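Chains as they are written, first to last, in full-length UniProt numbering: chain D, 1 to 306; chain V, 1 to 361. Report on the structure given below.
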Amino acid sequence: MDPLDRVVKPKTKRAKRFLEKREPKLNENTKNAMLIRGGNANLTVTAVLKDIYAVKKPFAVLYKKKNITRPFEDQTSLEFFSKKSDCSLFLFGCHNKKRPNNLIIGRMFDYHVLDMIELGVEKFVSLKDVKNSKCPEGTKPMLIFAGDVFDVNEEYRRLKSLLIDFFRGPTVPSVRLAGLEYVLHFTAVDGKIYMRSYKVLLKKSGCKIPRIELEEMGPSLDLVMRRTHLASDDLYKLSLKQPKALKPKKKKNISHDVFGTTYGRIHMQKQDLSKLQTRKMKGLKKRPAEKLAEDGGATPKKSKSA
Amino acid sequence: MAAVRVEAVLAAAEEQEAEKRRSITVEKELELEFDLGNLLALDRNPPPAAAALRGAGPRREALLRALARDNTQLLVSRLWELPTERAGGAGGPLVARLPEPTFRLPREKPPPRPRPPTRWEQFARLKGIRRRKKTSLVWDEQAKEWRRRWGYRRAGGDPARAWLAEVPAGADPEEDQFARLRREKRERVARNELNRLRNLARAHRAGSAVPAAPLHPTGHQDREELRRVARVARVSTASLGRFQPRLPKEPAEPPSRSGGRKRRFEPLLGNLAAERSRQLELLRDMGSKKPVLDITRAVNKQMRQEEAEAAAAHKGKKQSQRGKRGRRQQRPGRSGKKSGARRQQQKPAGGGSGGGRRKKA
Chain D
1 MDPLDRVVKP KTKRAKRFLE KREPKLNENT KNAMLIRGGN ANLTVTAVLK DIYAVKKPFA
61 VLYKKKNITR PFEDQTSLEF FSKKSDCSLF LFGCHNKKRP NNLIIGRMFD YHVLDMIELG
121 VEKFVSLKDV KNSKCPEGTK PMLIFAGDVF DVNEEYRRLK SLLIDFFRGP TVPSVRLAGL
181 EYVLHFTAVD GKIYMRSYKV LLKKSGCKIP RIELEEMGPS LDLVMRRTHL ASDDLYKLSL
241 KQPKALKPKK KKNISHDVFG TTYGRIHMQK QDLSKLQTRK MKGLKKRPAE KLAEDGGATP
301 KKSKSA
Chain V
1 MAAVRVEAVL AAAEEQEAEK RRSITVEKEL ELEFDLGNLL ALDRNPPPAA AALRGAGPRR
61 EALLRALARD NTQLLVSRLW ELPTERAGGA GGPLVARLPE PTFRLPREKP PPRPRPPTRW
121 EQFARLKGIR RRKKTSLVWD EQAKEWRRRW GYRRAGGDPA RAWLAEVPAG ADPEEDQFAR
181 LRREKRERVA RNELNRLRNL ARAHRAGSAV PAAPLHPTGH QDREELRRVA RVARVSTASL
241 GRFQPRLPKE PAEPPSRSGG RKRRFEPLLG NLAAERSRQL ELLRDMGSKK PVLDITRAVN
301 KQMRQEEAEA AAAHKGKKQS QRGKRGRRQQ RPGRSGKKSG ARRQQQKPAG GGSGGGRRKK
361 A
């Protein structure tokens with residue numbers, strides 16, 4: 001039993017709230033990312049980490065000091081960091097002669113490493129180098145993946161899932177249409193992945209939907225895939241499993257037809273149709289003479305004196 | 001003349017419409033896949049010729065930018081088609097309602113497990129004891145007003161200011177009663193805290209699901225863990241624990257000669273004497289008038305099951321509590337046969353079990 005597994009009894013309300021935020025929930029919090037520098041990180045890699053931190057604020061932590069670890073050999077220190085800071089995504093930057101400008105992007109499940117992919121940065125243009133106006137911090141970006149290799153190749157598919165997870169941001173129920181300013185575009189061509197960020201300008205077009213013009217902004221990276229450490233299929237399936245309570249409840253007895261009309265089905269008890277309340281039509285009302293003729297056979301009621 | 005002019009006007013209008021639409025339409029071979037909940041678009045078209053992209057510099061950037069512009073146009077058109085509303089009243093910004101995200105992403109942590117019931121909860125479920133809602137204020141006769149049940153200015157008066165402590169009937173007259181009350185309160189609090197921590201540890205252990213964890217090195221083991229580990233240690237010898245001497249007070253475990261198999265059948269031509277005695281016993285049981293079924297045990301089991309079911313059903317419906325009297329009155333209403341058997345057996349069974357219970361408390 002290592003010290004982090006001990007049952008911690010909270011002594012204050014604040015500590016209790018802190019622990020409740022970290023425990024597993026039905027609807028999870030937005031994933032936090034930790035950006036770590038390796039023992040031999042150089043300027044390029046540090047600049048990349050700083051830029052990605054700027055994009056992912058406030059759901060990211062940038063560690064200032066260098067940490068001498070090798071994620072592909074030993075994952076315990078990464079898991080320790082993840083437990084301490086409650087982050088399930090990480091980006092580790094290092095540099096050596098064999099693998100220059102190395103970035104290891106990965107995610108955790110239950111504080112254990114799920115997937116890790118090593119990418120090499122071939123070209124990097126930082127936020128500072130592009131002299132255009134930037135969009136506000138914390139904007140939810142639009143993500144676009146171009147290239148059929150993102151569906152064909154298993155590693156690229158995991159990379160796509162990892163990148164979506166990384167850059168997604170919080171899940172929101174509605175979005176301000178004029179505020180769709182930031183778009184991240186990933187193109188996979190010829191063994192390389194080009195990541196570009198653009199600022200979206202909405203121009204007037206004749207109709208309701210505006211015409212889009214893009215302006216280069218923000219970090220742009222040319223990446224090449226190196227080593228990977230992907231989770232086994234059953235562990236991945238386990239991590240994808242959603243609890244049953246989250247499934248939307250199916251509304252019974254409601255159906256839609258082709259034209260968009262909604263039909264509902266109501267189940268009624270057996271009704272006595274002779275006692276049904278219908279509209280009164282004075283002309284069809286039984287006249288007293290007719291009524292008497294009907295009741296003649298039955299027991300005579302008290303008759304009103306005319 | 002007029003007809004031609006009308007046609008010309010209509011054609012011109014259509015031309016204009018098409019012109020406007022041209023600025024926002026994008027031609028693609030394959031349709032993109034959209035996940036509007038995540039603001040995501042996936043383009044499966046093969047990217048523009050690799051040769052064009054290999055040439056580094058502005059040409060490549062321009063190509064990438066054009067591709068990005070097309071894809072973004074398609075995504076934004078889709079987003080603009082979503083149902084919109086004005087957030088925050090009439091003057092607020094225009095927001096679109098996003099659907100649920102469809103792209104499956106792995107969770108951060110496994111889904112939460114329901115915590116195991118505490119010892120009291122298990123007992124209550126077994127006995128059919130339900131929660132009663134208590135009023136928050138109690139009438140205090142002495143102060144002639146409504147006081148709270150516990151806490152500051154409680155109904156029974158401040159216990160720290162109690163100036164009288166009676167010596168109970170069988171107690172030592174020299175004993176300090178105030179000290180005894182204080183000691184007993186401290187013991188109660190300590191026991192409560194211990195039980196709470198035990199429940200918490202049980203829940204935590206169940207949550208992390210570590211059945212085969214090694215023994216904790218410094219004395220925090222509990223009985224079951226020790227027993228389990230001792231059993232495993234005994235069996236992990238070359239002869240699977242058959243010749244392992246037992247400790248002085250360790251109970252002798254019946255040897256499972258089958259080595260863990262569930263069913264074992266006797267050999268066909270084995271012990272003739274045993275077979276004969278078994279058959280005679282069977283005949284004897286069949287011929288005897290005494291019922292093989294133990295009515296008392298069966299009836300008690302049935303009663304307990306019914307109580308548990310009733311408690312569960314009441315918890316689900318959230319009915320108001322009827323209290324003990326109501327529950328007792330319910331009993332005779334049940335099926336006659338069972339209640340008859342119960343009434344017959346209740347005296348000896350109730351007396352026996354009631355006496356037993358009293359002794360324990």
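All C-beta atoms, glycine included, are put in the ideal place defined by N, C-alpha and C. These figures come from a predicted structure and were not determined experimentally.
Going along the chain, which residues of its own chain have a beta-carbon closer than 6 Å to the beta-carbon of residue i, five neighbours each way excluded?
| i | result |
| --- | --- |
| Arg226 of chain D | Glu118 and Gly120 |
| Asn153 of chain D | none |
Which one of the options has the shortest CA to CA distance from residue i?
| i | options | result |
| --- | --- | --- |
| Pro83 of chain V | D:Ser174, D:Val55, D:Arg168 and D:Leu89 | D:Ser174 |
| Glu141 of chain V | V:Gly156, V:Arg149, V:Glu193 and V:Lys133 | V:Gly156 |
| Asn102 of chain D | D:Leu223, D:Thr261 and D:Arg279 | D:Leu223 |
| Phe109 of chain D | D:Leu273, D:Leu89 and D:Arg70 | D:Leu89 |
| Lys28 of chain V | D:Phe18, D:Asn67, D:Ala146 and D:Val258 | D:Ala146 |
| Ser77 of chain V | V:Ala311, V:Leu36, V:Ala87 and V:Arg86 | V:Leu36 |
Chain V partners of residue i, CB-CB under 8 Å?
| i | result |
| --- | --- |
| Val55 of chain D | Going along chain V, no residue has its Cβ under 8 Å from Val55 of chain D, so there is no contact; the nearest lies around 15 Å. |
| Glu28 of chain D | Arg107, Glu108 and Lys109 |
| Asp165 of chain D | Leu105 and Pro106 |
| Asp151 of chain D | Leu42 and Arg44 |
So, for residue i: in the same chain, excluding its five sequence neighbours on each side, which residues have a beta-carbon less than 8 Å away from its beta-carbon?
| i | result |
| --- | --- |
| Arg211 of chain D | Leu202, Lys203, Lys204 and Ser205 |
| His314 of chain V | Arg130 |
| Trp146 of chain V | Leu137, Val138, Trp139 and Asp140 |
| Pro93 of chain V | Arg86 and Ala87 |
Going along chain V in order, which residues have a C-beta closer than 7 Å to the C-beta of residue i?
| i | result |
| --- | --- |
| Lys25 of chain D | Pro112 |
Pull up the distance between the alpha-carbon of residue i and that of residue j, whole angstroms please.
| i | j | result |
| --- | --- | --- |
| Tyr236 of chain D | Ser23 of chain V | 43 Å |
| Gly246 of chain D | Arg191 of chain V | Checking the sequence, you will find Leu at residue 246 of chain D rather than Gly. Straight-line Cα distance between these residues: approximately 40 Å. |
| Phe186 of chain D | Lys13 of chain D | 45 Å |
| Ala41 of chain D | Pro141 of chain D | 28 Å |
| Phe72 of chain D | Lys64 of chain D | 21 Å |
| Glu275 of chain V | Pro291 of chain V | 24 Å |
| Ser82 of chain D | Pro116 of chain V | 28 Å |
| Leu67 of chain V | Arg97 of chain V | 27 Å |
| Ala179 of chain V | Pro245 of chain V | 50 Å |
| Thr139 of chain D | Arg69 of chain V | 19 Å |
| Leu114 of chain D | Glu79 of chain D | 11 Å |
| Ser239 of chain D | Leu42 of chain V | 23 Å |
| Asn195 of chain V | Leu247 of chain V | 31 Å |
| Gly287 of chain V | Asn300 of chain V | 27 Å |
| Arg278 of chain V | Arg284 of chain V | 10 Å |
| Pro288 of chain D | Arg279 of chain D | 20 Å |
| Thr69 of chain D | Ser77 of chain D | 7 Å |
| Arg186 of chain V | Arg261 of chain V | 51 Å |
| Pro58 of chain V | Arg176 of chain D | 33 Å |
| Leu272 of chain V | Phe265 of chain V | 15 Å |
| Leu226 of chain V | His112 of chain D | 29 Å |
| Arg113 of chain V | Val189 of chain D | 44 Å |
| Lys285 of chain D | Thr262 of chain D | 39 Å |
| Lys275 of chain D | Ile266 of chain D | 21 Å |
| residue 310 of chain D | Glu28 of chain D | Nothing can be reported for residue 310 of chain D, as the shown portion of chain D is limited to 1 through 306. |
Go through its chain and collect everything with a Cβ distance to residue i's Cβ below 7 Å, but skip five positions before and after it.
| i | result |
| --- | --- |
| Glu215 of chain D | Asn132, Tyr198, Lys199 and Leu201 |
| Gly264 of chain D | Asn253 and Ile254 |
| Ser220 of chain D | Val125, Met195, Arg196 and Ser197 |
| Pro173 of chain V | Val167 |
| Arg304 of chain V | Leu126 |
| Pro48 of chain V | Leu63 and Leu67 |
| Val172 of chain D | Lys140 |
| Asp51 of chain D | Ser126, Leu127 and Pro219 |
Output, in chain order, the set of chain C residues within a Cβ distance shorter than 9 Å of residue i.
| i | result |
| --- | --- |
| Met116 of chain D | The chain labelled as chain C is not found among the protein chains of the depicted structure, namely D and V. |
Which residues in chain V sit within 9 Å of residue i, going by Cβ to Cβ distance?
| i | result |
| --- | --- |
| Ser133 of chain D | None at all; the shortest Cβ gap to chain V is about 17 Å. |
| Arg157 of chain D | Per Cβ cutoff of 9 Å: no residues; Arg157 of chain D is ~11 Å from chain V at best. |
| Gly147 of chain D | Asp43, Arg44, Asn45, Pro46 and Pro47 |
So residue i contacts chain D; which residues on that side make the cut at Cβ distance below 8 Å?
| i | result |
| --- | --- |
| Thr72 of chain V | Met142, Ile144, Val183, His185, Tyr198, Val200, Ile212 and Leu214 |
| Arg21 of chain V | Gly206 and Cys207 |
| Arg119 of chain V | Within chain D, no residue comes near Arg119 of chain V; the closest Cβ sits about 17 Å away, beyond 8 Å. |
| Thr84 of chain V | Leu177 |
List the residues of chain D that residue i touches, going by C-beta distances under 7 Å, in chain order.
| i | result |
| --- | --- |
| Ala96 of chain V | Ser174, Val175 and Leu177 |
| Ser77 of chain V | Ile209 |
Original post:
Using 8 Å as the threshold, is the segment 124 to 140 of chain D in touch with the segment 230 to 250 of chain D, meaning 3 or more CB pairs across them?
Top reply: Short answer: they don't touch.
Subject >> Sufficient close CB pairs (3 or more, under 8 Å) joining the segment 103 to 119 of chain V to the segment 155 to 171 of chain D >> reply: Short answer: they touch.
Original post:
Does the segment 84 to 103 of chain D come close enough to the segment 24 to 37 of chain D that 3 or more CB-CB pairs lie under 8 Å?
Top reply: As far as the Cβ criterion goes, the segment 24 to 37 of chain D touches the segment 84 to 103 of chain D, which means the pair count is three or higher.
Subject >> Any 3 or more C-beta pairs closer than 8 Å across the segment 20 to 38 of chain V and the segment 59 to 75 of chain V >> reply: Verdict: yes, contact present.
Original post:
At a cut of 8 Å, does the segment 92 to 99 of chain D reach the segment 39 to 53 of chain D through at least three beta carbon pairs?
Top reply: Touching, yes, given that three or more Cβ pairs across the two stretches are closer than 8 Å.
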